[in-house]
Every structure is written in C-alpha cells, then in structure tokens.
Amino acid sequence: MEWLLAQGADVVGIDVSPNMLEVAQQRIGDTAVLQLADLEQPMPFLADSSFHVILSSGTLGYVRDWLALFREFSRVLRPGGCVVFSVGHPCSEYTLNETDDYFSTELREYTWRGLGDPIVVPCYRRPFSNILDPIVRAGFFIERMVEPVPTKQFAEVKPEEYAQLMRRPRVLCMRVRKSANGAL
Numbered sequence: 003m004e005w006l007l008a009q010g011a012d013v014v015g016i017d018v019s020p021n022m023l024e025v026a027q028q029r030i031g032d033t034a035v036l037q038l039a040d041l042e043q044p045m046p047f048l049a050d051s052s053f054h055v056i057l058s059s060g061t062l063g064y065v066r067d068w069l070a071l072f073r074e075f076s077r078v079l080r081p082g083g084c085v086v087f088s089v090g091h092p093c094s095e096y097t098l099n100e101t102d103d104y105f106s107t108e109l110r111e112y113t114w115r116g117l118g119d120p121i122v123v124p125c126y127r128r129p130f131s132n133i134l135d136p137i138v139r140a141g142f143f144i145e146r147m148v149e150p151v152p153t154k155q156f157a158e159v160k161p162e163e164y165a166q167l168m169r170r171p172r173v174l175c176m177r178v179r180k181s182a183n184g185a186l
C-alpha cells in the first residue's frame with residue numbers, strides 16, 4: 003500500500019480482519035480508504051467501473067467461489083482494468099497437502115502466525131482448472147502468469163528449501179485483464 007500511495011495512487015484497502023485493518027491504519031494513517039469486508043460477499047460500497055487495478059497478495063485462496071468474486075472484480079474495474087494476484091501454486095498445494103483428489107477444490111485449515119495469537123484460517127486448495135475457468139468465465143483474459151523461483155540470496159540462508167522451491171513452485175502469480183470493450 004505504501005508504495006502505491008507514494009506513487010500518487012488513490013488506494014482502497016479491504017480486509018475481513020479488523021486487526022489487519024488496524025495494522026494498516028497505523029502504517030498509513032488516513033492516506034487510504036480502509037474497508038472491513040469479506041471477499042465472499044458483494045461489495046456494494048464500491049462503485050461500478052471505479053478501479054484501474056485490483057491487487058491481491060495471497061488472499062484469494064481464502065475465497066471458495068472465484069466465479070462470483072471475479073464477476074464482482076469485473077463490475078468494479080474499468081474497461082481494460084486488471085487484477086494482479088498471487089495464490090498458492092496448485093501443484094505444490096497438491097503434493098504438500100497429501101490429498102488424493104487433485105481435481106477437487108478442498109477446504110484446508112492453516113495456522114497463521116503473524117500478529118498476536120496464532121489464528122486458524124480456512125484456505126481452499128484448487129486445481130489449475132478451478133483457477134483459470136472462473137477468471138475466463140467472468141470476462142477476463144490471462145495476460146501474464148509467473149511461477150517465481152527463489153533468489154540466490156535465499157539459497158544462502160535456506161539451501162534445502164531453496165533446492166525444493168527450484169523443483170516445485172509454491173506460488174502462482176497472475177495478471178488478468180478485463181476487456182477494454184466489454185467483449186473478449
């Protein structure tokens with residue numbers, strides 16, 4: 003958020019956690035609009051065609067219904083607007099979680115240890131098709147997809163994890179764009 007604000011962007015931050023909004027408020031003060039909201043629900047407080055970009059780092063995995071979410075993103079994005087996001091990579095999510103059904107979208111629980119007491123959070127593991135299909139059905143096209151690998155500096159600090167991440171990506175990053183004329 004800070005970088006966007008420093009570039010002169012008008013920023014709206016949304017989180018389902020009052021604690022995370024409080025942390026954001028402490029960091030950025032009143033320089034952005036912060037809104038308590040659940041991405042599983044419509045966001046009537048956001049006007050139609052009011053955003054150029056939606057950024058989401060690691061949060062979409064908490065949402066079960068991506069088709070409804072990306073339709074809502076389409077509603078609030080201007081024509082030609084984009085969504086840039088990262089999620090757990092479906093291949094590593096499948097192999098690390100020892101599931102026997104790659105093709106299902108499964109609810110998992112993870113313990114998040116960030117601020118204060120650990121919090122158990124629901125997260126959905128899904129196959130590639132359940133990532134890509136809702137995006138396309140909501141009227142977006144895939145502009146870029148990256149499966150990042152760790153840096154050489156990471157190898158110096160955690161060589162074993164580095165070796166694993168060089169063979170199996172843990173994160174999937176995508177940029178998807180809404181058509182500029184309302185059609186694909």
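In terms of the working numbering, the sequence shown is residues 3 to 186. Note that beta-carbon positions come from the ideal geometry of N, C-alpha and C, so glycine has one too.
Closest by C-alpha distance to Gly63, when choosing among Arg73, His54 and Pro92:
Among Arg73, His54 and Pro92, the Cα nearest to that of Gly63 belongs to Pro92.
Considering just the uninterrupted stretch of the beta strand (DSSP E) at Met176, what are its terminal residues?
Under the DSSP assignment, Met176 falls in the beta strand (DSSP E) whose first and last residues are Val173 to Lys180.
For Ser94, count neighbouring C-beta atoms within 10 Å of its own C-beta (all shown protein chains included) and say buried if the count is 16 or more, exposed if not.
Ser94 is classed as buried because its beta carbon has at least 16 other beta carbons within 10 Å across all chains shown.
In angstroms with no decimal places, state the Cα-to-Cα distance between Val122 and Val78.
Their backbone Cα atoms lie some 30 Å apart in a straight line.
Identify every residue that forms a DSSP beta bridge with Arg127.
BP columns for Arg127 point to Glu108.
Bridge partners of Asp17, per DSSP?
BP columns for Asp17 point to Leu38.
Applying the 10 Å Cβ sphere with the 16-neighbour rule, what's the burial state of Phe143?
Exposed.
Distance between beta carbons of Leu41 and Leu23, contact taken as under 8 Å
Their Cβ separation, rounded to whole angstroms, is 14 Å, which puts Leu23 and Leu41 out of contact at 8 Å.
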